[in-house]
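Protein sequence lines correspond, in order, to chains A and B.
The first sequence runs contiguously to residue 407 in this note's numbering.
The second sequence runs contiguously to residue 208 in this note's numbering.
We put the CB at the ideal spot given by N, CA and C, even for glycine.
Data block below; observations after.
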Amino acid sequence: MDLTDASKPLLDEFQVVLFGPGYGESTLIHIGSNKWIIVDSCKSRSIAGSLPLPIEYLRAIEVDPAESVSLIIATHWHDDHIKGLAQIVDLCPNATVSCSIALSNEEFIHNVVRFESGSNVRGGSGAREIVGVLELMKGRIMKRVLSGTIVKSFEGSELAHNEDVIVTALSPSDKQVELFLNEIAQLGAAAGKTRYRASQGKNDTSVVLWISIGSLNLLLGADLEETSDPLTGWSVVLDSEGRSTGDKATIYKVPHHGSITGHSDQVWDKMIADDSIAILTPFNRGRKKLPSETDRTRLTSLSDNTFLSQCGTKAKKKLRDHTVEKTIRETVGKLTNIQNEPGIISIKGNLKSSIDEWDVKLINGACRLQNVV
Amino acid sequence: MPQTSESTKFEFNTKEDLSLQVNAIHSLVHDKFNLKFDNAGFTSLNLFNRDELVNLTNEPPIVDEYPNRFQDSVHAVLQHINIERKKVPSLIPLQEWEGYVTDIYEDKFLTSLIDITAKEDVATEEAEFDIEELSDSDKNLLKVGAVFRWIIGYERTPSGVKKRVSQVVFRRLPQWSQSSIRNADRKSKEIIKTIKWT
């Protein structure tokens, strides 16, 4: 990946960098004084043996992840969403590692280790990353979070801008955790059952994060979806004890790739500032590509500054023998190449400056969503 | 061609023995029947006794899962090869994928595909298959996370007729055994114990 446009923030500047799509999506945040937070992981699909993108980015701007990453947060458990997370944990030995309380559940850990142990499925068991993370955490501190948990706080006196930084989890709720664990129990990694590749269920344990750097607030929406149940979804976030009702976020990582299922009018109304920047990654797998045209229209109407991390650069069709191509057409119609290169959105600025003065860089195919609509 | 019943006896009392023997078995089958344990070998073997022969592919078998089953299968496999190879068509693969099912809806299933021919180790393509195209036994194995092989190639019948084929075959992965579950749980308990949870 070409990172020549990547630049290091000043000690008193914040920076938010969003990577995706690849295997997963990831957000990298500079909170000041060369202290960084990594949320989830993302790897390029095309380069075998490549580094996770947040690590690649940090190295490109000459930041040592081992010294500078203070916090790593895992919001997912399945390989397809967090490829490279174990590498990140390994390369950042000084970071606090945090995950949803659901992922510390004994039954969950038993299940994922069962999937991974002795798996000879090409492409992995589906649980390789999370088991890799857990193995690396031996002797290290792992912080479990639930809606309302303060994940980590940093004293302003330690930071060049002198502002306190607080990272708060606004989800998952007790009910979400319960639903997730019910689903995990159905995975069925038990004696006498035929092995298969572990798959991510419908109920993830999305950890929505509220990060305040002085008066600047970020809302990272993970993959949380809205539901009709007030004990799950965005209703929980709106009611979360961890949320200060008067504050609004100026940077919003839109949940679930901009899908209508992750949308909540109330969140935009009550939690997002009028003058804000919305960022998201596309989802190019499965039947439903996201964001759809309707999603794009809705998002551009909600914020003039909405950015998508990858807007073009469609993966090229693989070239194959004529006979193979003909048989593919006859069997499945077409193959979709899902090796799209991840793009990067970088937002950098001084806490005292206005949005207009912030430096927004769109790297490797990222664009303003209005340009796509 | 030598009779398989005269072939080397395989004795393995421990997991380590069994691991060592796997290579010997591969070499033996390769030498005696000129079958390579590359993609083509997998395909050819697959035609004889798919349930058991999965264990003899390039991929290392999970030896602690089914030692007795594996031991028994070796002779069965070799005998099958000897008896059946004359009357079963051979398959020359042009392209192979390993895939896993990511979604099932109505009459189709969606899959992620790892291109084995290109020696890839992660899924780089997606395809949608008709459920109706599966054999009845494979239909029973269809579930999200199920693993399969998709092979495109030429099949040559014993009478010499050559035809183009596309085969989707679901892998019969081994079951979790009591011992593998015990070992995994021992490992996970150790993990849980050694992490400093807060």
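query	result
Using only CA atoms, which one of A/F188, A/P99 and A/D329 lies nearest to A/F317?	A/D329
According to DSSP, is B/A50 part of a helix, a strand, or is it coil?	With a pLDDT of 32 at B/A50, under the threshold of 50, the modelled position of that residue is not reliable, and no figure is offered here.
Could you tell me whether the Cβ atoms of A/I245 and A/V201 are closer together than 8 angstroms?	yes
What's the C-alpha gap between B/K197 and B/A137?	36 angstroms
Verify whether the separation of the beta carbon atoms of A/S191 and A/V199 is less than 8 angstroms.	no
What did DSSP end up calling A/H64 once you bin it into helix, strand or coil?	strand
Find out if the Cβ-Cβ distance for the pair B/I201, A/E140 is shorter than 8 angstroms.	no
How is A/D393 classed by DSSP in three states: helix, strand or coil?	strand
Which chain A residues are close to B/R174, counting only those with a beta carbon under 7 angstroms from its beta carbon?	T357 and T361
Measuring CA to CA, which of A/D36, A/F214 and A/V103 is closest to A/I63?	A/V103
Under 7 angstroms, CB to CB, which of the residues in the segment 126-146 of chain A have a partner in chain B?	S138, E140, I143 and H144
Identify every residue that forms a DSSP beta bridge with A/I200.	A/S187 and A/S246
Could you compute how far the alpha carbon of A/I427 sits from the alpha carbon of B/S147?	Since the first residue shown for chain A is 35 and the last is 407, residue 427 of chain A is missing from the structure and cannot be characterised.
Can you tell me whether A/D114 is buried or exposed, with buried defined as 16 or more other CB within 10 angstroms of its CB?	buried
Report the residue ranges of all beta strand (DSSP E) runs contained in full by the segment 93-162 of chain B; include only those spanning at least 3 residues, in chain order.	100-115, 118-125 and 135-140
Reducing DSSP to helix, strand and coil, say where A/D219 ends up.	Reading off the sequence shown, one finds Ala at residue 219 of chain A, where the question assumed Asp. Three-state result, A/A219: helix.
Look at the alpha carbon of A/A129 and the alpha carbon of A/I247, and state the distance between them as a whole number of angstroms.	19 angstroms
Spell out the partners DSSP gives A/F48 in its beta bridges.	A/G383
Hey, is A/G416's beta-carbon within less than 8 angstroms of any beta-carbon in chain B?	Any answer about residue 416 of chain A is impossible in this case: the structure gives chain A only from 35 up to 407.
Please report the Cβ distance between A/R231 and B/V157, rounded to the nearest whole angstrom; I am assuming they are in contact, meaning their Cβ atoms lie under 8 angstroms.	6 angstroms
Closest by CA to A/S151, which one among A/V165, A/F142 and A/G157?	A/V165
List the residues of chain B that A/M171 touches, going by C-beta distances under 9 angstroms, in chain order.	I201, T204, I205 and K206
Hey, how far is the Cα of A/L342 from the Cα of A/L85?	22 angstroms
Using only the alpha-carbon positions, how far apart do A/A256 and A/S60 sit?	10 angstroms
Find out if the Cβ-Cβ distance for the pair A/N405, A/M35 is shorter than 8 angstroms.	no
Rounded to whole angstroms, what's the CA-CA distance from A/H297 to A/D309? Just pull it up for me.	18 angstroms
Between B/N150 and B/V111, what straight-line distance do the alpha-carbon atoms span, to the nearest angstrom?	13 angstroms
Could you tell me which residues DSSP pairs with B/Q185 in its beta bridges?	A/T228
Starting from A/I175, find everything on chain B with Cβ-Cβ shorter than 7 angstroms and list it in chain order.	K206 and T208
Over the uninterrupted beta strand (DSSP E) stretch that includes A/T130, give me the two end residues.	T130 to S134
So A/L272 packs on A/G292, CB below 8 angstroms; how close in whole Å?	19 angstroms between Cβ atoms; not a contact.
Between which two residues does the alpha helix (DSSP H) containing A/D113 stretch?	D113 to I116
Considering only the beta carbon of each residue, do B/E130 and A/I372 sit closer than 8 angstroms?	no
Distance cutoff 8 angstroms, beta carbons only. Does B/I162 sit that close to anything in chain A?	yes
For B/F139, which residues in chain A fall below 7 angstroms Cβ to Cβ?	V366
Within this structure, are the beta carbons of A/G118 and A/S75 separated by less than 8 angstroms?	yes
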